[in-house]
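Heads up: the sequence shown begins at 183 in my numbering, then just goes up one per residue. A short worksheet on the structure shown next.
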Amino acid sequence: MEFLTKEIDPNQYERLEEVVQYSQEALELCASLGDYQTSLTKFKNRKDIFERAVQGLKQLLPISFYAFYAVDGSTSDIELEHCDRPEWESMIEETVDHLIEKGMVALAFREKRTLTSRSRDGKYNLLLHALATTSKTYGIFICFLEKKPFEQYIVDKITTIIIKSTCYALENFELYQLIDQKNEELIDKNAQLSKSEIIYRNTFENTGNPTLVVDSQGEIVYSNTEFLQFSGYTRKQLIGRKKISDFIIQDPQFSFPRLLSSAKRDPRGKPTEYTFENQANQRKTVFLKISALGLDDQYIISLTDVTTLKEVEKKLHFQAFHDPLTNLPNRLLLQGRLAQAIKKKKRHQNFNYAVIFIDLDRFKTINDTLGHHYGDQLLIQAAQKISKSIREMDTLARFGGDEFVILLDDIQGSQDCERVSKRILEEFQTPMELDNNEIFMTMSMGILISTEQQIEQTDVIRLADMSMYEAKKKGRNKIIYFHEIEDKDIERKLLLENHLQKGIQNGEFFVQYQPLINLDTNQLYGVETLVRWQHPELGIIPPNSFIPIAEETGLIIPLGQKIFELAFSDYAQWMSRFSRLDKLYLSINLSVKQLLENDFVENIRKMAAKARLPLENVNLEITESIFIDDSGQALQTINDLKGLGISISIDDFGTGYSSLKYLNQFSIDLVKIDKLLVKNINSDQTNFNIVTSMLELCSKLDIKVVAEGIEDFQQLARLKTMRCHLGQGFYFAPPQNKKRIEELYLRSA
Ligand code: C2E
Ligand code: CA
Ligand code: CA
183 MEFLTKEIDP NQYERLEEVV QYSQEALELC ASLGDYQTSL TKFKNRKDIF ERAVQGLKQL
243 LPISFYAFYA VDGSTSDIEL EHCDRPEWES MIEETVDHLI EKGMVALAFR EKRTLTSRSR
303 DGKYNLLLHA LATTSKTYGI FICFLEKKPF EQYIVDKITT IIIKSTCYAL ENFELYQLID
363 QKNEELIDKN AQLSKSEIIY RNTFENTGNP TLVVDSQGEI VYSNTEFLQF SGYTRKQLIG
423 RKKISDFIIQ DPQFSFPRLL SSAKRDPRGK PTEYTFENQA NQRKTVFLKI SALGLDDQYI
483 ISLTDVTTLK EVEKKLHFQA FHDPLTNLPN RLLLQGRLAQ AIKKKKRHQN FNYAVIFIDL
543 DRFKTINDTL GHHYGDQLLI QAAQKISKSI REMDTLARFG GDEFVILLDD IQGSQDCERV
603 SKRILEEFQT PMELDNNEIF MTMSMGILIS TEQQIEQTDV IRLADMSMYE AKKKGRNKII
663 YFHEIEDKDI ERKLLLENHL QKGIQNGEFF VQYQPLINLD TNQLYGVETL VRWQHPELGI
723 IPPNSFIPIA EETGLIIPLG QKIFELAFSD YAQWMSRFSR LDKLYLSINL SVKQLLENDF
783 VENIRKMAAK ARLPLENVNL EITESIFIDD SGQALQTIND LKGLGISISI DDFGTGYSSL
843 KYLNQFSIDL VKIDKLLVKN INSDQTNFNI VTSMLELCSK LDIKVVAEGI EDFQQLARLK
903 TMRCHLGQGF YFAPPQNKKR IEELYLRSA
């Protein structure tokens, strides 16, 4: 279930969502630019036009305020014409003086693109852009931003588009004013006819967009200069010779009559997107808008060039669905494709897909020892190796960290998976190369094939992940198919996994303490913290049922944190309430995964400091598996913990690896003999021998020994004769709540 829990870095996820939303807003904004021109008549003055532009920009940029500086025609100086925060005028003026000094304003006029800068006090990010058309320079537009803009590349493109359209709006606005003025004169002179002539010419020349007048057949009757530039033809070549349909390509649906009739049905309709090809065979994406001119069955077609915007959109789209390091699809894209595969499977029984969950073995160790730079190189090379082994129709996604997931689309059966996984393993037989060093990497794979049962989307990757985890458990560099896992408990496991996360959030976990007894004095020596889960429906769930799942899913990290908090807080209370308590030993169980967390030691130090708890009284119990996994990092963490004064026990000794060598090597403080050895201590000679030699060895190494699981007096008596000094078990007391511990032991202490 990692994709539901550990691996989704909330920041990354939010950013993806942001990018997608941003792309949509950019597109909507672009679509609305067409209206900019048509709403010109509504503008009463230039200020309205700026405000409209800023309104648009604000959807995409964190603009606090803006200012417009107009060029004085006679002196060529610029002067503040309008700002939306008059109270900050002097600050704005100062900033602009500073920009002029730095030469930024001159540069903006020269380059006519968006420039970025900062205010002198560093408080604002500035965007400045010259307002100029091919024929006229209006001034300069400055936006003050409190935060850095979202994506510089996109910001540049979009502000440029908006500013350009603002410039033409300014130009047209002046024209309209002129026309209005002329109009009145004309009305006066009662010469209505030439009025339309003026409107006609001026409006088309100055829309700022390539614009045509066509007849009812789509034939070009008039073209503005902008369209000439855009299409690469002269007026002569166009008028009466070309149709609008000659320029629209790759769209078999395009027919002028259809366009016309839809325009008639919906005169204020949305612009339609087409691919336009000019004389030089360059292709542009355009939004096309058509409206009736009201003259002799003629129509205006206005085009907006959105090619750059489309590129931006494509880039945003790519970013949203790909991993920046390897350029592979990310989990979002994978989930999408998987959803399609599952849908297909529901419709066609014969269709099958498979998911291969891959986790690089020991990547973390390599990453930590060689550094992130090399870690990244390894991931890129691993991605390439895996890519080579799959078909084009398959999806390889980076799932996070060193995890990759392959979706094999439309497979015949398990033989296809075998082929692919074999090819991947072969690829990895050749080493990775890092600055002339060769590194061999292996991986663990879990494979889920869709053949058997219907699997829900949320379970597919989880089950593949679970199979991968089995492969890791079986010693890495292995492939495990989901149907090979013998665990009949899978259903329950899945259920628990779902509830585990909620349980942590809802505070359903609590701890009990089991006393450790000094066998010589019969006094309380310490307590072991044991976690319990009070599930709202399933009741109390014992740790053996959920700790392994918490470990698999990474939930052991937040859960472990919780346990520390609970135990430290209880202990701190005991310390303050029971004055003679400075010697009580507080033991907490640890999973190896917790030791691999980077800030684990620092976390414990902080928590203990907060609870004012001396770390000399804290003991952490780990199992021998840590030596088998032999991760340098875990052992380093143990040393760091010891450095804080914390003591370390080996738990369940005698059940697994049981290597005495490590006890000394890693300066272990205490060994807990497993209850299985204790159980038969009186009847099983081998057990008796093991425990005897353990006790002898530990006494030489100055390691304390606790016998776990003492259930009756015979066991206790035997252990005492063997000179075991510490014990724990139901004979003394089961694990109990904090209150009981206080009543039974602490009050009398
Ligand atoms: P463990 O560390 O070996 O803990 C001792 C277990 O033996 C406890 O089971 C305890 O209730 C049980 N026990 C104590 N005395 C006797 C006895 O006389 N006879 C028998 N038959 N059993 C006895 P519990 O609480 O169910 O815990 C099971 C395991 O779950 C623990 O084994 C430990 O490995 C794990 N665990 C418990 N709490 C935590 C925790 O906070 N963190 C981690 N990582 N693991 C935990
Ligand atoms: Ca334990
Ligand atoms: Ca134990």
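No residue lacks a Cβ here, since even glycine has one placed at the ideal position from N, Cα and C.
Closest in alpha carbon position to T454, among N463, S444, N460 and Q461, is S444. Straight across, the Cα-Cα distance linking T319 with S256 is about 13 Å. By the Cβ rule, the region 754-766 does not count as touching the region 805-825, because fewer than three pairs are nearer than 8 Å.
Around the beta carbon of L507, fewer than 16 other beta carbons lie within 10 angstroms, which makes this residue exposed. Judged by DSSP secondary structure, P439 falls within the alpha helix (DSSP H) whose first and last residues are F438 to R447. If you look at T711, you'll find it in the beta strand (DSSP E) that goes Q705 to H717. Here S484 carries a strand assignment [DSSP, helix/strand/coil]. Taking 7 Å as the cut-off, the C-beta of G836 does not count as close to any heavy atom of ligand 1.
By the CB criterion at 8 Å, L470 and Y456 fall inside the cutoff. E779 is the residue among R234, S727 and E779 whose C-alpha sits nearest the C-alpha of G742.
In this structure, DSSP gives L289 a helical state, which the three-state scheme calls helix. The shortest C-alpha to C-alpha distance from I538 to any of F895, K528 and I643 is the one to I643.
If only uninterrupted beta strand (DSSP E) runs of at least 3 residues are considered, those enclosed by the region 600-631 are 614-616, 619-621 and 625-631. Contact between I421 and S398 is ruled out by a C-beta separation of about 16 Å, above the 8 Å threshold. Using a Cβ distance threshold of 8 Å, E585 and D543 do not count as a contacting pair. Around T296, the same chain offers L309, L310, H311, V337, D338, T341, T342 and I345 as residues with beta carbons nearer than 8 Å, after the five sequence neighbours per side are excluded. Going by DSSP, R580 is part of the beta strand (DSSP E) stretching over T577 to G582. Of the candidates G238, E261, R922 and K452, the residue whose Cα lies closest to the Cα of Q696 is R922. Every alpha helix (DSSP H) stretch that sits fully inside the region 500-560 and reaches 4 residues is listed by chain position as 513-529 and 545-552. Here D834 carries a strand assignment [DSSP, helix/strand/coil]. By the criterion of a C-beta distance shorter than 8 Å, I722 is surrounded in its chain by R714, W715 and Q716, once the five residues flanking it on both sides are discounted. A Cβ-Cβ contact shorter than 8 Å links V887 with L908. Beta-bridge partners assigned by DSSP to C265: A249.
With 16 or more other CB atoms across the displayed protein chains lying within 10 angstroms of its CB, P917 is buried. Beta-bridge analysis with DSSP links K854 to V888. By the criterion of at least three beta-carbon pairs nearer than 8 Å, the region 426-434 is in contact with the region 389-403. Distances between the C-beta of D752 and the heavy atoms of ligand 1 are all 7 Å or more. In this structure, T348 sits near L313, with a CB-CB distance shorter than 8 Å.
With contacts defined by Cβ atoms closer than 8 Å, T577 and R519 form a contacting pair. Rounded to the nearest whole angstrom, the C-alpha separation of Y663 and L630 is 6 Å. In the structure shown, the three-state DSSP call for P697 is strand. Each of M575, E924 and G595 was checked against the Cα of S761, and the nearest Cα belongs to E924. Shown here for L475: same chain residues with a beta carbon closer than 7 Å to its own, the five before and five after excluded, namely V395, Y481 and I482 in chain order. Shown here, C880 sits in a helix according to DSSP, grouped into three states. The C-alpha of F533 lies about 10 Å from the C-alpha of G595.
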